[in-house]
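Trainee:
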Amino acid sequence: MFWQHNTKVSDVRAKQRWNEATQAADGSWGRVLIEDEAFRGLVQYGPSERFVRARALPAGPASADAGLITCTFLAPDDAPGSAERLMLEALADLKGRALPAAEAFALSYPEEVPSSERFVGHHTLFDREFLEGLGFAALRSQGQVALMRIDLSGIAPAESRVLSMVRRLLPEALRPGTSTA
-9 MFWQHNTKVS
1 DVRAKQRWNE
11 ATQAADGSWG
21 RVLIEDEAFR
31 GLVQYGPSER
41 FVRARALPAG
51 PASADAGLIT
61 CTFLAPDDAP
71 GSAERLMLEA
81 LADLKGRALP
91 AAEAFALSYP
101 EEVPSSERFV
111 GHHTLFDREF
121 LEGLGFAALR
131 SQGQVALMRI
141 DLSGIAPAES
151 RVLSMVRRLL
161 PEALRPGTST
171 A
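Residue numbers (my numbering): -9 to 171.
#1: Does DSSP classify Val2 as helix, strand or coil?
#2: Given this structure, state the Cα-to-Cα distance separating Asp67 from Met77, to the nearest angstrom.
#3: Report the partner residues of Ala96 according to the DSSP bridge assignment.
#4: Measure the C-alpha to C-alpha separation of Tyr99 and Pro90 and round it to an integer number of angstroms.
#5: In the DSSP assignment, what residue or residues form a beta bridge with Leu141?
#6: Going by DSSP, what residue range makes up the alpha helix (DSSP H) through Phe109?
#7: Three-state secondary structure (DSSP) at Asp67?
#8: Please say whether Ser143 and Glu93 have beta carbons closer to each other than 8 Å?
#9: Specify the secondary structure class of Gly31 as computed by DSSP and reduced to three states.
#10: Bridge partners for Ser131 per DSSP, in chain order?
#11: According to DSSP, simplified to helix, strand and coil, what is Ala56?
#12: What residues match up with Leu23 in a beta bridge as DSSP calls it?
#13: Hey, Phe95 and Leu137 are a contact pair by Cβ (cut 8 Å); roughly how many whole angstroms apart?
#14: With distances taken from CA atoms, which of Gly123, Ala127, Gly36 is nearest Leu58?
#15: Would you tell me roughly how many angstroms separate the C-alpha atoms of Val135 and Ala54, rounded to the nearest one?
#16: Give the single residue among Glu107, Ala82, His112 whose Cα lies nearest to the Cα of Ile140.
#17: Let me confirm a value: Arg3 is counted as buried when at least 16 other C-beta atoms fall within 10 Å, else exposed. Which label applies?
#18: Name the DSSP bridge partner or partners of Pro37?
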């Protein structure tokens, strides 16, 4: 509950109320990546106003019009790859919710910090180079912390997996909207 409140919250009921209110108003606020029945990671995100702690972070606050990607928890197996997949899922979902941009807080790590320390486990600040590689740009910086932003209007929505499979499996003549005459 770091992002959801200005102070540490240990009240299970307060956490549940936040969860229910957020899901009712905005839908799911995260994604979980499971591959070959193994947990690979999770990402948390949603409209920036839902995450009040972002108002107090260095380089903050997050923009009112943006979705905010707040944190990840990644397993050691291919953590950078899992982070990229989860981030792309989050960006696609935020675009699908008609948000014009996504933001995330980032940390500029020194070169000698290994990838495992940048990705594995729980992180509330993303690796700045990682976000820049995905197309994010710094909006504001304070010390080593930057608020990064990506415009979602340039991201093309991906076809759903089901639709993609139907297109591959159905012959052209049987596809909806296809004329055989």
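C-beta atoms are modelled at their ideal positions from N, C-alpha and C, and glycine is treated no differently.
Mentor: With the structure as the only source:
#1: As a working note, residue 2 is residue 12 in the sequence shown. It is helical.
#2: Along the sequence shown, read from residue 1 onward, the residue named residue 67 stands at position 77. Along the sequence shown, read from residue 1 onward, the residue named residue 77 stands at position 87. So the two alpha carbons sit approximately 17 Å from each other.
#3: As a first step, residue 96 is located in the sequence shown; it is residue number 106 there, counting from the start. DSSP output for Ala96 lists Phe116, Ala136 as bridge partner(s).
#4: The residue given as residue 99 occupies position 109 in the sequence shown. The residue given as residue 90 occupies position 100 in the sequence shown. Rounded to whole angstroms, Tyr99 to Pro90 spans 28 Å at the Cα level.
#5: Position 151 of the sequence shown, counting from 1, holds the residue named residue 141. One point to set straight first is that residue 141 is Asp, not Leu, in the sequence displayed. Beta-bridge partners assigned by DSSP to Asp141: Ala91.
#6: Looking up residue 109 in the sequence shown gives position 119. That run of the alpha helix (DSSP H) goes 105 to 109.
#7: Sequence index remark: in the sequence shown, residue 67 carries index 77 (1-based). Looking at Asp67 - three-state DSSP - the assignment turns out to be coil, as it is neither helix nor strand.
#8: Sequence index remark: in the sequence shown, residue 93 carries index 103 (1-based). Sequence index remark: in the sequence shown, residue 143 carries index 153 (1-based). Their beta carbons are not under 8 Å apart, which means Glu93 does not touch Ser143 by this criterion.
#9: Within the sequence shown, residue 31 is the residue found at index 41, counting from 1. Strand.
#10: To locate residue 131, count along the sequence shown from 1; it is residue 141. In DSSP, Ser131 forms a bridge with Ala136.
#11: The residue labelled residue 56 in the question sits at position 66 within the sequence shown. Looking at Ala56 - three-state DSSP - the assignment turns out to be strand.
#12: Translated into positions along the sequence shown, residue 23 becomes position 33. Answer is Gly31.
#13: Counting from one through the sequence shown, the residue named residue 95 turns up at place 105. Counting from one through the sequence shown, the residue named residue 137 turns up at place 147. Leu137 and Phe95 do touch by the CB rule: their CB atoms are close to 6 Å apart, below 8 Å.
#14: On the sequence shown, position 68 is the one that residue 58 refers to. Looking at the Cα atoms, Gly36 is the closest of the given residues.
#15: The count along the sequence shown starts at 1 and reaches residue 135 at position 145. The count along the sequence shown starts at 1 and reaches residue 54 at position 64. The alpha-carbon atoms of Val135 and Ala54 are separated by roughly 19 Å.
#16: Taking the first residue of the sequence shown as position 1, residue 140 is located at position 150. Selected option, being the one with the closest Cα: Ala82.
#17: Translated into positions along the sequence shown, residue 3 becomes position 13. With fewer than 16 other Cβ atoms within 10 Å, it is exposed.
#18: The count along the sequence shown starts at 1 and reaches residue 37 at position 47. For Pro37, which the question treats as bridged, DSSP gives the partners Gly57.
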